Amino acid sequence: MNQAKLHRLLSQKEKNDREQFDQRLATNLTLIQKQFFSLYPEEQHEKHIQKLLKLLPKLFLERPEALRKQDLKRLQSGNWYQSEKLMGMQLYVEHFNKDLKGLKEKIPYFKKLGVNFLHLMPITKRPAGESDGGYAVNSYLEVDRKYGSKEDLLELTTAFRKNGIYLMLDFVVNHTSNEFSWAKKAKKGDKKYQGYYYTYEDLTIPAEFEKTLPEVFPETSPGNFTYIPEMEKWVMTVFNSYQWDLNYTNPQVFLEMLTNLVKLTDMGVDVVRFDALAFLWKKIGTISQNLPEAHNLISLFRMCLQVVAPGSILLAEAIVAPTDIVKYFGEEEKKGNECEVAYNASLMALLWNSIATKKTQLLYKSLMHVPSKPKDCTWINYIRCHDDIGLGYENHLIQELGWNPEMHRKFLLDYYCQRLDWSPAMGMLFMYNPKTGDGRITGSAASLLGLEKAIKTKDEDLLESSVRKIIMLHGITLAFGGIPLIYAGDEIGTLNDYSFQNDVSKKGDGRWVNRPMQDWETISSLANQDSPQSTIFHALQQLIQIRKGNSVFADHNNLQLCHTGNDHIFSFERTQGQNGLLVICNFDENPQVIDSSWVKKLGYFSKGEPLDLVSGEKVGMNSALLELMPYQMLWLMKS
Ligand code: GLC
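Here this note's numbering is used: the sequence shown runs in plain steps of one and ends on residue 638.
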């Protein structure tokens, strides 16, 4: 049983707020102590654990009353984040409707579409020029003026709570900007703050690190260290040269970051997105990703947050190999005690592979290879986000299919990045590293799925198939189990936005091509239009409603892959007692058939022809074969 479950059981008793806090602390203390001393040995750090034990009650007492009440309510009501009622959207506030006030005005739009979980991209202070879209933070808590004020944020979170909308914000836990107060003091020569980062007098140690550290942005920010003339020292900068990696071997950094984390949740944040958490611990001789110490540190943050603010949960932003992602839910005694939610980056990347190859073998093989997740944890399922698409497949699985991993990746880059005439995709190559041949892909979902090319070339057939693909991929994320998350604009098939190329602070970062402005003009005329945008919007709106109306979509760890014998088909079943949902998708551009007898065997025809929730029609059972049109998705219902 994980710690959250224990807290739930214990919180049923009649106890006041403070007693509940003391009880949670007592329940988590053994784990807190263990994780803490695993990182900061007891002999040298007794005074730091004392500081931590003083800090926790202080943070609890400072937590707003309304949120403390909400914490208890959530504790008692089960895992809200696994509900079928959740539907997410990710957006840049300034690209959506100007600022936080503007965003509040759009609550009716979210309701209309059915969205009730929002991930706002960073809104805190950042450097004036390049800032990695706010992922270079000048402050963890102060709202950047361009979005409004702290009051605006509090008003927004209050309005969200009233309207049943959950809020996710980033906690950029791995690095600060070079303008953050600690970095500024470090630059002035303050030794204490130089110790908050990995700083070195010369390149001896950095050179050791470089032997095994990969490069995140090899085109724009090669290497992992930057020389800072003001302090005459090198600092570790794994991402961009203006993002300084925090040194968590220093317990003071942990204590200060824990305070920042709790204060962030005190503003009404329900889900904290732990940004780039795979990178939290560095060690010479390793790639410094996914290290056991990073897991201990995350679990330590989690266990402390749970004591102070048990209603807030953590999302792992670990875009790493499939078998490494599930580890962020915690293993062994940390099982269920790290992050409650993780991005299903594997599913995302595999779906793009299946679109390009029109085949689903790698998808099946890889999903079967991923260890199962703890039952109290869940995925965020998505097809696009603000970042690039990395081709993080397991090489040995590609090889098992008889393909050469290197050539296969090259094919995918060619397919998506406009190097093949026949490909409908209009993506862009991102961070191509000639040293390794690795590259990633940018582009909006619609452009990658052919809509941009179809509109440009006025190709009606391509237009139809791209709309079908868009709906099918989103449909899979809605049915897969977890929180579906759509990138703002994808609900109307927004195309690539090339305007970033004219902005000096953005043109070096091709990810801006898939961060378009929300097109309110198109949205205002959706009702009276027979356009691809309108078709996509209404189809998604309908699928969202279906999801919300049926508890079989909730994540009860109730997903099973189904093997149809046809390599173009992807199928899985969700079951809950007598109820069942069978999803069948055709990834091919031609109609495909499957033997209908296995569908019958699963019990879908026992009460007559099953209903396909997507088309609202019954599926005939006269033939031995079930036919799916190109990019058709069936949601068959068993009740
Ligand atoms: C995460 C964000 C990405 C950012 C990076 C560094 O991966 O999603 O946009 O560049 O962290 O903060």
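Glycine residues also receive a C-beta, built at the ideal position from the N, C-alpha and C atoms.
Here the structure is a predicted model, which is why all the values come from computation and not from measurement.
**Whole-angstrom C-beta distance between I324 and A344, which should lie under 8 Å** = 6 Å
**Asked** Within 10 angstroms of its Cβ, does H562 collect 16 or more other Cβ (buried), or is it exposed?
**Response** exposed
**Asked** Can the beta-carbon of T26 be found less than 8 Å from the beta-carbon of L9?
**Response** yes
**Item:** Counted within 10 angstroms of its Cβ, other Cβ atoms place Q532 as buried (16 or more) or exposed
**Value:** buried
**Message:** Considering only DSSP beta bridges, list what N719 is partnered with.
**Reply:** The structure shown does not extend to residue 719, since the chain is modelled only from 0 to 638, so the question has no answer here.
**Prompt:** Taking the C-alpha atoms as reference points, what is the distance between L74 and A3?
**Reply:** 8 Å
**Message:** Just verifying my parser: in three-state terms, what is the DSSP assignment at P121?
**Reply:** coil
**Distance, K191 Cα to Q544 Cα** = 54 Å
**Item:** Rounded distance between the beta-carbons of Y415 and A424, thought under 8 Å
**Value:** 5 Å
**Request:** Return the residue from the list I283, L296 and G128 that minimises the CA-CA distance to Q32.
**Result:** L296
**Message:** The alpha helix (DSSP H) that contains Y431, what's its start and end?
**Reply:** Here Y431 belongs to no alpha helix (DSSP H); instead the beta strand (DSSP E) covers M427 to N432.
**Item:** Alpha-carbon to alpha-carbon, E229 and A65
**Value:** 46 Å
**Prompt:** Just to check, is the beta-carbon of Y134 closer than 7 Å to a non-hydrogen atom of the ligand GLC?
**Reply:** yes
**Item:** Any non-hydrogen atom of the ligand GLC within 7 Å of H94 CB
**Value:** no
**Message:** Between V234, N394 and D460, which has its C-alpha nearest L202's C-alpha?
**Reply:** V234
**Prompt:** How about G87 and P515: are their beta carbons less than 8 Å apart?
**Reply:** no
**Given I164 as reference, the closest of F59, I204, K184 and V270 once Cα atoms are compared** = V270
**Neighbourhood of Y226 by C-beta, 6 Å cutoff - its chain only, sequence neighbours within 5 removed** = W233
**Item:** Closest Cα partner of P40 within the set P250, V369, S605 and L54
**Value:** P250
**Message:** Relative to the C-alpha of W280, which candidate in F208, Q43 and C303 has its C-alpha closest?
**Reply:** F208
**Message:** DSSP has K637 in a bridge; who is on the other side?
**Reply:** G579
**Prompt:** Of the residues E214, K547, N578 and F586, which one's Cα is nearest the Cα of K84?
**Reply:** K547
**Prompt:** Which runs of the beta strand (DSSP E) fall wholly inside the region 320-344 and span at least 3 residues, in chain order?
**Reply:** 340-342
**Message:** The alpha helix (DSSP H) that contains S176, what's its start and end?
**Reply:** Counting along the chain, S176 falls outside any alpha helix (DSSP H), though it belongs to the beta strand (DSSP E) covering H174 to S176.
**Asked** If E626 sits next to P590, beta carbons under 8 Å apart, how far is it from one beta carbon to the other, in whole angstroms?
**Response** 6 Å
**Request:** Measure the CB-CB distance between G480 and D375 and report whether it falls below 8 Å.
**Result:** no
**Message:** So V613 and F604 are supposed to be a Cβ contact under 8 Å. How far apart are they, rounded?
**Reply:** Not quite, the Cβ-Cβ distance comes to about 18 Å (not below 8 Å), so this is no contact.
**Asked** Assuming K145 contacts N137 under a Cβ cut-off of 8 Å, what Cβ separation, rounded to an integer in Å, is found between them?
**Response** 13 Å between Cβ atoms; not a contact.
**Item:** Closest Cα partner of P370 within the set Q22, Y327, L90 and L350
**Value:** Y327
**Request:** Have a look at G442, L361 and E588 and flag the residue whose alpha-carbon is nearest the alpha-carbon of C384.
**Result:** G442
**Three-way DSSP call (helix, strand, coil) for P373 in this model** = coil
**Asked** Does DSSP classify Y192 as helix, strand or coil?
**Response** helix
**Request:** May I have the straight-line CA-CA distance separating K184 from K505, to the nearest angstrom?
**Result:** 28 Å
**Message:** Are there any heavy atoms of the ligand MG lying less than 7 Å away from the beta-carbon of F238, as far as the coordinates show?
**Reply:** Annotation note on the ligand MG: not contained in the displayed structure, which lists the ligand GLC as its ligands.
**Request:** Please check the pair F116 and M167, which I expect to be a contact at CB under 8 Å, by giving their CB distance rounded to whole angstroms.
**Result:** 7 Å
**Prompt:** For K617, which of helix, strand or coil comes out of DSSP?
**Reply:** strand
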